[in-house]
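>
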Amino acid sequence: QVQLVESGGGLVQPGGSLRLSCAASVNIGSLNTMGWYRQAPGRQRELVAHMTRDGATNYADSVKGRFTASRDIAKKTVYLQMNSLNLEDTGVYSCNGVDVFGRTFWGQGTQVTVSS
Numbered sequence: 021q022v023q024l025v026e027s028g029g030g031l032v033q034p035g036g037s038l039r040l041s042c043a044a045s046v047n048i049g050s051l052n053t054m055g056w057y058r059q060a061p062g063r064q065r066e067l068v069a070h071m072t073r074d075g076a077t078n079y080a081d082s083v084k085g086r087f088t089a090s091r092d093i094a095k096k097t098v099y100l101q102m103n104s105l106n107l108e109d110t111g112v113y114s115c116n117g118v119d120v121f122g123r124t125f126w127g128q129g130t131q132v133t134v135s136s
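Using our numbering, read the sequence shown as starting at 21 and increasing by one per residue.
(1) Find the nearest neighbour of Val-46 within the set Leu-38, Val-32, Val-25, Asp-109, judged by alpha-carbon distance.
(2) My output table needs one value for Ser-114: the three-state DSSP class, helix, strand or coil.
(3) Which one or two residues does DSSP pair with Glu-66 in a beta bridge?
(4) Exposed or buried, which one is Phe-87 when buried takes at least 16 other CB atoms within 10 Å?
(5) Closer than 7 angstroms by C-beta to Ala-137: which residues in its own chain qualify, once you throw out the five before and the five after it? Chain order, please.
(6) Between the alpha carbons of Ala-94 and Leu-107, how many angstroms are there, rounded?
(7) Taking 7 angstroms as the threshold (C-beta atoms), are Tyr-99 and Ser-135 in contact?
(8) Taking three-plus beta-carbon pairs below 8 angstroms as touching, is the segment 27-38 in contact with the segment 124-134?
(9) Beta strand (DSSP E) containing Ala-44: first to last residue?
(10) Beta strand (DSSP E) containing Ser-136: first to last residue?
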């Protein structure tokens with residue numbers, strides 16, 4: 021089993037920044053992929069950022085240029101730096117990981133609220 025624990029969410033004004041963290045119970049370099057997803061009220065969960073085992077990342081069009089995913093393998097943690105936040109970025113942000121057997125693991129999520 022892989023346990024993932026997100027942190028760093030909160031209330032921020034439009035234009036502000038937050039950095040989310042996702043701490044894993046295993047070596048994140050052993051996971052095939054890791055991703056950040058978000059779910060806004062009344063909407064389906066959507067992929068925000070995706071990172072492969074070799075560290076390559078890609079992003080949803082809506083966050084390109086504003087969000088940056090990174091990782092610290094020694095700390096078994098992935099991050100999501102979110103800048104220039106807007107109202108549409110509000111939602112529950114969750115981290116996931118897929119292992120070499122194709123099993124998917126999820127964290128419990130962290131709430132991000134962008135409001136003036």
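The beta-carbon is built from N, C-alpha and C at its ideal position, and this holds for glycine as well.
Considering the structure as presented:
(1) Reading the sequence shown from its first residue, position 26 is the one you call residue 46. It is Val-25.
(2) Working through the sequence shown from its first residue, we reach residue 114 at position 94. Three-state result, Ser-114: strand.
(3) Here residue 66 corresponds to residue number 46 of the sequence shown, with the count starting at 1. Beta-bridge pairing links Glu-66 to Arg-58.
(4) Within the sequence shown, the letter at position 67 stands for residue 87. Residue environment for Phe-87: buried (at least 16 other C-beta atoms within 10 angstroms of its C-beta).
(5) Residue 137 is absent from the structure shown; the chain starts at 21 and stops at 136.
(6) Within the sequence shown, numbered from 1, the residue matching residue 94 stands at position 74. Within the sequence shown, numbered from 1, the residue matching residue 107 stands at position 87. Cα to Cα, the separation comes out at about 34 angstroms.
(7) By 1-based counting over the sequence shown, the position of residue 135 is 115. By 1-based counting over the sequence shown, the position of residue 99 is 79. Not in contact: Ser-135 and Tyr-99 (Cβ atoms no closer than 7 angstroms).
(8) yes
(9) Counting from 1 along the sequence shown, the entry for residue 44 is found at position 24. Run containing Ala-44: 38-44, per the beta strand (DSSP E) assignment.
(10) Stepping through the sequence shown from its first residue, residue 136 is reached at position 116. Where Ser-136 is concerned, there is no enclosing beta strand (DSSP E), given that its DSSP letter is neither H nor E.
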